[in-house]
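Below you'll find the structure, written out as structure tokens, and then a few comments.
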DNA sequence: ATAACCATTGCAAACGTTTGAAAAAATACT
DNA sequence: AGTATTTTTTCAAACGTTTGCAATGGTTAT
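Protein chains in written order, with this note's numbering: chain A, 123 to 465; chain B, 123 to 465.
Structure below.
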């Protein structure tokens, strides 16, 4: 029969015929405890594998050292880099990150928020779900602010809601991408856009439209088609674009997956990339450099976003700017590769 | 001045001039509490946004309803699907999943294990880090078993360690992949293998070698090269393979990323896929169906793995098989696409 | 011998919640 | 009215840890 239940400070105290306080102080190296006692207790504790019950400490100190992260999905490359960025700052600070995947569902997101609050996390990083955005629900977020728990939007942003945000300048990225296509001589530039309502989608669309306008190119609604960011959702729209009387000479995909899906359809039609149709994606996913042809794309600084979000959290709890929401919009960077490089 | 600190049961008790126990029971709908009192308290609680402090409950009941998941990386498609599978079972059961990313580092993995134990998680799903495997360290895992906390290996397996495991039959998947190449007439089949020591790498290598042997094809060590699973690590090895006096007529990549990197190099050499060189990957990542040419690959049932792992956890805590480690090895499925389909 | 001091240890409260048992209050029955 | 019964509420302990303060014991200086 082995030791099933974790050994507590009381167990150790009983073993040494002393009080729990003595054990506690011994384990914490208090100088007021007799060095011999201290050594004995520490040795014994190590021997039996004592491990502090952080739950009780959380209760006592009202500090859980835990932060919540809610993301709509975890499979996208960008999310992974954001997590990396968050982690690189928060792990050394002793915080544990509880990662929750909302799967774009409002229901699940709300449930996670409630659980995180009940578990007394000290901050929440949130990339809101599509559904939440669509429905415009935000009561579950109010409850976070009401508790004065730092809430930091990452990537996706709930406009008009008084919380901090660390997001990427998708607008300028999209603008640069389209501008590059224009400079390559493209005039009929299509856009396979992301889901409606999402800030990232809208910003990229806006950058696309403004850039066209600035270059005196009329916006043709026929050239703007919907996708859900997944590769397969690019297939039918691209086929449709290729079937138009006036075929586009470039496609700006809302992300790399979409761009890759579009490329595939184009190659199936025996058209050349970039000569017949140029392609630009968004995200600079690792694979984009090795597709055939390699994909011009817009790099988003995911790691930096994560680090900035962590910084915001820190500044909120350190009380420099207790409740003042901060905003940071990091630039994205156009990376030109074969799929758009003409001539 | 708003209510900064979360409202407690005691606060409510004070407000109603009653004891905390009454409030507790009222909130939990005990029939022994006067219906009027109950209604009043519940209404007031909702009004002030009372939310149970789960930390105190965890301490009291020694139940945290939290499970830990440690993965080496989060950016791979397979990991995302495993998480989805775990989530689909555990979320409805009321468990919260704390996801930790070890980044292939033993140090970080060990630290996470310690934190999870200190935070009294009720189970740990672990896909061990490369470094842990290499060094053969497992004391941090002993401490988990010693506490009788269910430990379930997913995907990557620590052979010979007495814990449950839910893994994929990579061996048979690799065997089927290579067999398919053979049946397509390939005789000089190269393998871009995964990191040494990792079970998944070794199993795929073994499947490759056994299949060749069974087909009477001699194993040429020159045709087996190392990668780290990342797309860029496939480039130099593939270039090397193409420069051999006797070029391979097929390449079996340890995962889709590797295969895609290889494809790129092959296309750059103006060789045809699959006619000059056939390609097979591993993972069936979403993009593999849309590369050009589309990639033959081996699908791993990530969602199923997650669900099976959850089931194992459940069977361990429900006490049917308290401490008996279970093993399940799910089959993988060859998905034949253009990159290997000859003539 | 006695006060003063120091080193070491113990007590008790606190964090928020639940729960068995006891107490109190209200109602029913004779 | 007095007792039995039922309804409703409170008490106290428990979960594991920390910490201010008090207490103990011992040593030193007067």
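Cβ coordinates follow ideal geometry from the N, Cα and C atoms, glycine included.
Taking 8 Å as the limit between beta carbons, can you name the residues of its chain near residue i, skipping five residues before and five after?
i                      : result
residue 252 of chain A : 194, 226, 317, 319, 320
residue 255 of chain A : 278, 280, 319, 320, 321
residue 358 of chain B : none
residue 123 of chain A : In this prediction, residue 123 of chain A has a pLDDT of 35, which is less than 50 and means its spatial position is unreliable; nothing more can be read from the coordinates.
residue 243 of chain B : 186, 188, 189, 190, 220, 271
residue 387 of chain B : 356, 357, 360, 361, 364
What is the residue span of the alpha helix (DSSP H) that residue i lies within?
i                      : result
residue 456 of chain A : No alpha helix (DSSP H) contains residue 456 of chain A, which is instead part of the beta strand (DSSP E) from 455-457.
residue 147 of chain A : 142-149
residue 372 of chain B : Unbroken run through residue 372 of chain B is the beta strand (DSSP E), 372-375; no alpha helix (DSSP H).
residue 238 of chain A : 228-240
residue 178 of chain B : 176-183
residue 250 of chain B : From DSSP, residue 250 of chain B is part of no alpha helix (DSSP H); its letter is neither H nor E.
residue 294 of chain A : 292-305
residue 364 of chain B : 357-364
residue 329 of chain A : 321-336
Helix or strand or just coil, what does DSSP make of residue i?
i                      : result
residue 123 of chain A : The predicted model places residue 123 of chain A with a pLDDT of 35, which falls under 50 and marks its position as unreliable, so this point remains unresolved.
residue 193 of chain A : strand
residue 449 of chain B : strand
residue 188 of chain B : strand
residue 388 of chain B : helix
residue 420 of chain A : strand
residue 352 of chain B : coil
residue 261 of chain B : helix
residue 129 of chain A : coil
residue 467 of chain B : No statement about residue 467 of chain B is possible, as the shown extent of chain B runs from 123 to 465 and does not include it.
residue 170 of chain B : coil
residue 134 of chain B : helix
residue 216 of chain B : coil
residue 165 of chain B : helix
residue 255 of chain A : helix
residue 157 of chain B : helix
residue 432 of chain B : helix
residue 437 of chain A : helix
residue 469 of chain B : With chain B covering only 123 through 465, there is no way to say anything about residue 469 of chain B.
residue 368 of chain A : coil
residue 339 of chain A : coil
residue 460 of chain B : helix
residue 395 of chain B : coil
Per DSSP, residue i forms a beta bridge with which residues?
i                      : result
residue 346 of chain A : A/313
residue 287 of chain A : A/275, A/449
residue 222 of chain B : B/192
Using C-beta distances below 6 Å, list every residue in its chain close to residue i, excluding the 5 sequence neighbours before and after it, in chain order.
i                      : result
residue 203 of chain A : 424, 425
residue 324 of chain A : none
residue 136 of chain A : none
residue 298 of chain A : 456
Could you please give the first and the last residue of the uninterrupted beta strand (DSSP E) stretch that includes residue i?
i                      : result
residue 203 of chain B : Premise fails: residue 203 of chain B lies in the alpha helix (DSSP H), 199-212, not in any beta strand (DSSP E).
residue 409 of chain A : Taken as a continuous stretch (DSSP letters only), residue 409 of chain A belongs to no beta strand (DSSP E), as it is neither H nor E.
residue 401 of chain B : 400-402
Give every residue of the same chain whose Cβ lies closer than 7 Å to the Cβ of residue i, excluding the five residues on either side of it in the sequence, and list them in chain order.
i                      : result
residue 384 of chain B : 314, 356, 360, 373, 375, 401
residue 167 of chain A : 134, 149
residue 453 of chain B : 291, 294
residue 391 of chain B : 364
residue 337 of chain A : 304
residue 283 of chain A : 260, 263
residue 146 of chain B : 131
residue 206 of chain B : 425, 428
residue 368 of chain A : 310
Problem - Segment contact flag, the region 330-343 of chain B with the region 301-311 of chain B, C-beta cutoff 8 Å, min 3 pairs - result: Enough Cβ pairs lie closer than 8 Å, so yes.
Problem - Inter-stretch contact (C-beta, 8 Å, three-pair minimum) for the region 428-443 of chain B and the region 403-410 of chain B - result: With a cut-off of 8 Å on Cβ pairs, the region 428-443 of chain B is not in contact with the region 403-410 of chain B, counting fewer than three such pairs.
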